[in-house]
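S.K.:
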Amino acid sequence: YLSAIGALLYLANCTRPDITFSVNLLARYNSILTRKHWNGIKHIMRYLRGSTDMGLFYLRGTKSTLIGYVDAGYLSDPHKARSQIGYVFTFCDTAISWRSTKQTMTATSSNHSEIFAIHEASRECIWLRSMIQHIQESCRLSSIRNNPTVIYEDNATCITQLRGGYIKGDRTKYISPKFFYTHELQKKGDIDVQQIRSSDNLANLFTKALPGSTFKKFRHDIRMRQIKDLH
Numbered sequence: 006y007l008s009a010i011g012a013l014l015y016l017a018n019c020t021r022p023d024i025t026f027s028v029n030l031l032a033r034y035n036s037i038l039t040r041k042h043w044n045g046i047k048h049i050m051r052y053l054r055g056s057t058d059m060g061l062f063y064l065r066g067t068k069s070t071l072i073g074y075v076d077a078g079y080l081s082d083p084h085k086a087r088s089q090i091g092y093v094f095t096f097c098d099t100a101i102s103w104r105s106t107k108q109t110m111t112a113t114s115s116n117h118s119e120i121f122a123i124h125e126a127s128r129e130c131i132w133l134r135s136m137i138q139h140i141q142e143s144c145r146l147s148s149i150r151n152n153p154t155v156i157y158e159d160n161a162t163c164i165t166q167l168r169g170g171y172i173k174g175d176r177t178k179y180i181s182p183k184f185f186y187t188h189e190l191q192k193k194g195d196i197d198v199q200q201i202r203s204s205d206n207l208a209n210l211f212t213k214a215l216p217g218s219t220f221k222k223f224r225h226d227i228r229m230r231q232i233k234d235l236h
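Going by this note's numbering, the sequence shown opens with residue 6, and the numbers climb by one from there.
1) L13 to R21, Cα distance in whole Å?
2) Confirm, please, whether the CB-CB distance from R134 to I149 is below 8 angstroms.
3) Give the secondary structure of M136 by DSSP, where H, G and I count as helix, E and B as strand, and everything else as coil.
4) So what's Q159 in DSSP terms, helix, strand or just coil?
5) Pull up the CB-CB distance for Y79 and I46, whole angstroms please, since I reckon it's below 8 angstroms.
6) Going by beta-carbon coordinates alone, are R104 and I120 separated by less than 8 angstroms?
7) Alpha carbon to alpha carbon, how far is L31 from N44? Give it in angstroms, no decimals.
8) Could you check what DSSP says for M110 in three-state terms: helix, strand or coil?
9) Run through the region 46–131 for me and flag every whole alpha helix (DSSP H) of 4 or more residues, listed as ranges in chain order.
10) Are H117 and I164 touching if we call contact CB-CB under 8 angstroms?
11) Suppose you measure from the CA of F220 to the CA of T25; what does that come to, to the nearest Å?
12) Whole angstroms is fine: what's the gap from R65's alpha carbon to C97's?
13) Over what stretch of residues does the beta strand (DSSP E) that includes R230 continue unbroken?
14) Report the three-state DSSP secondary structure of D226 (helix, strand or coil).
15) Can you name the start and end residues of the alpha helix (DSSP H) that I10 belongs to?
Structural data, given as structure tokens:
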């Protein structure tokens, strides 16, 4: 089981974002696994066997824009009162960075968990902007330096609170100031957090189990394709 999890985590972190949530979920039970969890491993293996030619593809003519999507699954682990963080960043409309992980702190509300998630996504965003900017300037291409990176979030209340800053009311006064790092980045013009409908938030792929049709839609939207579909 541990060997299988290790191999799947390598795939999930490098080339197969479509299995990231499932593998992360099963990895929680390394020490208390049951037959149900082993069946989950076999299910992922069968899925991979049927999609060995699937990968991330970059198409010609797409705009060189970095865009982020972030979401949180509130109390996805009810036994330990932990929520799930999920985010994905696309460049030229194709996923280049993604993450699905359980929060290390207990969120007291869905809004609280979303603020944690945006904090993690913001940190990743700054690193990606720095890397892309370095490559663009080294190749004498137009830089993203002066253009904020849009990060999409589906929780309107969370967006409003982040724009307002730290300790603006009873709902945020107990949240550690470090989680309002996003507020400072917005003031500097590095990022711009905007609202998106939950049904269009690609980060859902990394925070919850989805119906088959929705899963395939999001997989397609992060530009995962099978080779046969490109012809």
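C-beta atoms are modelled at their ideal positions from N, C-alpha and C, and glycine is treated no differently.
M.R.: Let's see:
1) 9 angstroms
2) yes
3) helix
4) Checking the displayed sequence, the identity of residue 159 turns out to be Asp instead of Gln. DSSP places D159 in coil when its eight states are reduced to three.
5) Cβ-Cβ separation between Y79 and I46: approximately 26 angstroms, too far for a contact (criterion under 8 angstroms).
6) no
7) 10 angstroms
8) coil
9) none
10) no
11) 12 angstroms
12) 9 angstroms
13) 229–231
14) It is helical.
15) 7–19
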